[in-house]
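Have a look at the structure below, then the notes.
Chains as they are written, first to last, in our numbering: chain A, 111 to 294; chain B, 40 to 240.
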C-alpha cells in the first residue's frame, strides 16, 4: 500500500514535470506510464477517465490524477496522485518567480523550446491513432471523432461536446435496453 | 486579508472552470486582474508566457505564479516584510484552492462510475464518449500546428523545415518504435539549442 502511494506520487510527478503545453500534452506520457508501464488502468478505462476529466470542472491533469489514484488505492491515493502532478509546477514556478523573472527572454531557453514545440504536436498525434483502435472506431461511428474535431475547431467548448456525447450515449443505452427487454 | 481572498477567489475559479487550461487563463485574468486588481495586465501576460513555457498543467502553473505575485504585491504584506516567504505561502494556497473542490467532484463521479461500470447505460455512454474524445485530441493536435510552434514557411523557412522534420520523426519514432517520451523531449530541446542557439539557423 505504501509502495503503491510512492509509485503514484513519483509517476505523477514525472508526468507533471516532463510535459510542456498543458493538459492535453500530458496524455501521451500519462498513457505510457499508467497503462503500459504500471498497468493501473486498461486502454479503454484510460479513455473513460479522459472523458470524465474533460467533462468535470477543474484542471484536466489533476482530475486525471485524482481519478486514477482513487481507482487504484482509494481517496488517500487520489490525493497523493494529485499532489504528485502539482508538485513540479509548484517548485519550478516558485524558483522562476523568485529568481528568474527574465526566464522567457533567455536566448538558450527560447532555442530549446523552438525544438520542443513541434515534438509536442507529434506526441499529441500519436494517441489519436492508437486510441482509435481501442475505442473501436469503425466506418459506422467514424463520424463521431470527425464531428467533435470540427466542433472544437469552430469554437465549441470541449465540456459541452463531452456532455452532449454523454447524453446521447445515455439515451442510446435506454433505447437499446428497451429493445432487448421487448424482444424477450 | 489577502490569504482569505486568495482562497475564495481560486476555489471559485476551480469549481467553475470547464474547458481546460486555456479557458482557465482567461478566467483567472477576469477575477484576478480585472476584479481584484492584485496584479497588472503586463504582469499577467508575463505569467501566462511562463506558464506555457514551463512543464506542468497551465492552469496550475498560472495559479501558482499569481498566488505568489498577489501576496508579494499586497501593501500589508510589504509592510510586514519577509515577502518571499509569504509569497510562497500564497502560491501554495492558490494552487490548493484551485484543485480541492474539483477533486471532491471527481472522487464522487469516480465512485459512481466504478460502481456501475458494467451497466448497459454506462457502457453505451462510453461507447459514444470514446470516439468523441479522439476527436477532441485530434483537434488539439491540429490547432497546435501553427506558425507560433513551427515557424513561418517563408520568413522562417529553416525553422519551418526543421520543425516539420522533428514532428514527423518524433511521430514515427513514438508510434512505431515506442521511443521514450521524456528522452525524446529532452533530445528535441538539445536539437533546438544546437540549431537555433549555437548555429543560429
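Even for Gly, the Cβ is constructed at its ideal location relative to N, Cα and C.
Please determine, among B/140, B/83, B/158, B/148, the residue with the shortest C-alpha to C-alpha distance to residue 49 of chain B. For this step, residue 49 of chain B is matched to residue 10 along the second chain. Ranking the options by Cα distance to residue 49 of chain B, first place goes to B/140.
Residue 76 of chain B burial status per 10 Å Cβ neighbour count (16 or more: buried): Here residue 76 of chain B refers to the residue found at position 37 of the second chain. Exposed is the call here.
I need the straight-line Cα distance from residue 158 of chain A to residue 261 of chain A, nearest angstrom please. Taking the first chain and counting its residues from 1, the one referred to as residue 158 of chain A is at position 48. Taking the first chain and counting its residues from 1, the one referred to as residue 261 of chain A is at position 151. Approximately 20 Å, taken between the alpha carbons.
Contacts that residue 96 of chain B makes with chain A (C-beta to C-beta distance below 9 Å): Taking the first residue of the second chain as 1, we reach residue 96 of chain B at position 57. Ordered by position in chain A, the residues that pass the 9 Å Cβ test against residue 96 of chain B are 126, 129, 132, 133, 136, 169, 170, 171, 172, 195, 196, 199.
For a contact defined as C-beta to C-beta under 7 Å, what are the partners of residue 166 of chain A on chain B? Position 56 of the first chain, counted from the first residue, corresponds to residue 166 of chain A. 141, 144, 145, 148, listed in chain order.
Helix or strand or just coil, what does DSSP make of residue 264 of chain A? Counting from one through the first chain, the residue named residue 264 of chain A turns up at place 154. If DSSP states are grouped into helix, strand and coil, residue 264 of chain A belongs with coil.
Backbone CA spacing between residue 117 of chain A and residue 182 of chain A [nearest angstrom]: The sequence position of residue 117 of chain A within the first chain is 7, counting from 1. The sequence position of residue 182 of chain A within the first chain is 72, counting from 1. Computed Cα separation, rounded: 11 Å.
Can you find a C-beta in chain B that's less than 7 Å from the C-beta of residue 152 of chain A? Translated into the one-based positions of the first chain, residue 152 of chain A becomes position 42. Not one chain B Cβ lies under 7 Å of residue 152 of chain A.
Taking DSSP as the reference, what is the three-state secondary structure of residue 220 of chain B? As a first step, residue 220 of chain B must be located in the second chain, where it is residue number 181. Note: residue 220 of chain B maps to helix in three-state DSSP.
Assumed close pair residue 234 of chain A, residue 176 of chain B - CB separation to whole angstroms, cut-off 8 Å: Residue 234 of chain A sits at position 124 when you count from the first residue of the first chain. Residue 176 of chain B sits at position 137 when you count from the first residue of the second chain. About 7 Å separates the two Cβ atoms, so the contact holds.
Grouping DSSP H, G and I as helix and E and B as strand, with all else coil, what is residue 240 of chain B? By 1-based counting over the second chain, the position of residue 240 of chain B is 201. Of the three classes helix, strand and coil, the one that applies to residue 240 of chain B here is coil, per DSSP.
Go through the region 121 to 190 of chain B residue by residue and report every complete run of the alpha helix (DSSP H) that reaches 4 residues or more, in order. 122 to 154, 159 to 183, 186 to 189
Under DSSP, the alpha helix (DSSP H) around residue 99 of chain A begins and ends at which residues? Past the boundaries of the shown model lies residue 99 of chain A; chain A is included only from 111 to 294, so the question cannot be answered.
For residue 247 of chain A, go through chain B and note every residue whose CB falls closer than 9 Å to its CB, in chain order. Position 137 of the first chain, counted from the start, is the residue given in the question as residue 247 of chain A. Ordered by position in chain B, the residues that pass the 9 Å Cβ test against residue 247 of chain A are 169, 170, 173.
Taking the alpha helix (DSSP H) that residue 114 of chain A belongs to, which residues open and close that run? Residue mapping note: residue 114 of chain A aligns to position 4 of the first chain, counting from 1. Unbroken alpha helix (DSSP H) run through residue 114 of chain A: 112 to 128.
Coil, strand or helix - residue 112 of chain B by DSSP: Taking the first residue of the second chain as position 1, residue 112 of chain B is located at position 73. Under the three-state reduction of DSSP output, residue 112 of chain B falls in the helix class.
Where the alpha helix (DSSP H) containing residue 51 of chain B begins and where it ends: By one-based count along the second chain, residue 51 of chain B stands at place 12. Segment 41 to 55, the alpha helix (DSSP H) holding residue 51 of chain B.
Does the beta carbon of residue 293 of chain A come closer than 7 Å to any beta carbon on chain B? For the purposes of this step, residue 293 of chain A is taken as residue 183 along the first chain, with counting starting at 1. Any answer about residue 293 of chain A is weak, because its pLDDT of 37 lies below 50 and its placement is not dependable; what the coordinates show is given next. Answer no: the Cβ-Cβ gap between residue 293 of chain A and chain B never drops below 7 Å.
Taking C-alpha atoms, which residue in B/130, B/95, B/174, B/98 lies nearest to residue 112 of chain B? One-based indexing of the second chain puts residue 112 of chain B at position 73. Nearest option by C-alpha distance: B/130.
Please report the straight-line C-alpha distance between residue 123 of chain A and residue 239 of chain B, rounded to a whole angstrom. Here residue 123 of chain A corresponds to residue number 13 of the first chain, with the count starting at 1. Here residue 239 of chain B corresponds to residue number 200 of the second chain, with the count starting at 1. Between residue 123 of chain A and residue 239 of chain B, the C-alpha separation is close to 34 Å.
Taking residue 192 of chain A and residue 179 of chain A to be in contact with their CB atoms under 8 Å, please state how far apart those CB atoms are, rounded to whole angstroms. Residue numbering aside, residue 192 of chain A sits at position 82 when the first chain is read from its first letter. Residue numbering aside, residue 179 of chain A sits at position 69 when the first chain is read from its first letter. The pair is a contact, with the Cβ atoms about 7 Å apart (cut-off 8 Å).
Can you name, in chain order, every residue of its own chain whose Cβ lies under 8 Å from the Cβ of residue 53 of chain B, other than the five neighbours on each side? Start at 1 with the first residue of the second chain, and residue 53 of chain B comes out as number 14. Result list for residue 53 of chain B: 136, 137, 138, 139, 140, 141, in chain order.
Considering only their Cβ atoms, is the gap separating residue 64 of chain B from residue 106 of chain B smaller than 7 Å? On the second chain, residue 106 of chain B is found 67 positions in, with the first residue counted as 1. On the second chain, residue 64 of chain B is found 25 positions in, with the first residue counted as 1. The answer is no: Cβ separation not under 7 Å.
Compute the beta-carbon to beta-carbon distance between residue 198 of chain A and residue 220 of chain B, rounded to the nearest angstrom, for a pair I have assumed lies under 8 Å. Within the first chain, numbered from 1, the residue matching residue 198 of chain A stands at position 88. Within the second chain, numbered from 1, the residue matching residue 220 of chain B stands at position 181. That belief does not hold up - the Cβ atoms of residue 198 of chain A and residue 220 of chain B are roughly 15 Å apart, past 8 Å.
Please confirm whether residue 40 of chain B has its beta-carbon closer than 7 Å to some beta-carbon of chain A. On the second chain, residue 40 of chain B is found 1 positions in, with the first residue counted as 1. No, because no Cβ of chain A sits closer than 7 Å to the Cβ of residue 40 of chain B.
Can you name the residues of chain B whose CB is closer than 7 Å to the CB of residue 191 of chain A? Here residue 191 of chain A refers to the residue found at position 81 of the first chain. Going along chain B, no residue has its Cβ under 7 Å from residue 191 of chain A, so there is no contact; the nearest lies around 10 Å.
Cβ-based contacts, 7 Å cut-off: residues of the region 189 to 200 of chain B near chain A: 189, 198
Closer than 6 Å by C-beta to residue 194 of chain A: which residues in its own chain qualify, once you throw out the five before and the five after it? Chain order, please. Against the first chain, residue 194 of chain A aligns to sequence position 84. So the list reads 119, 122, 123, once near-sequence residues are dropped.
Step through the CB atoms of chain A and report whether any lies within less than 7 Å of the CB of residue 125 of chain B. Numbered from 1 along the second chain, position 86 holds the residue referred to as residue 125 of chain B. No, its Cβ sits nowhere closer than 7 Å to a Cβ of chain A.
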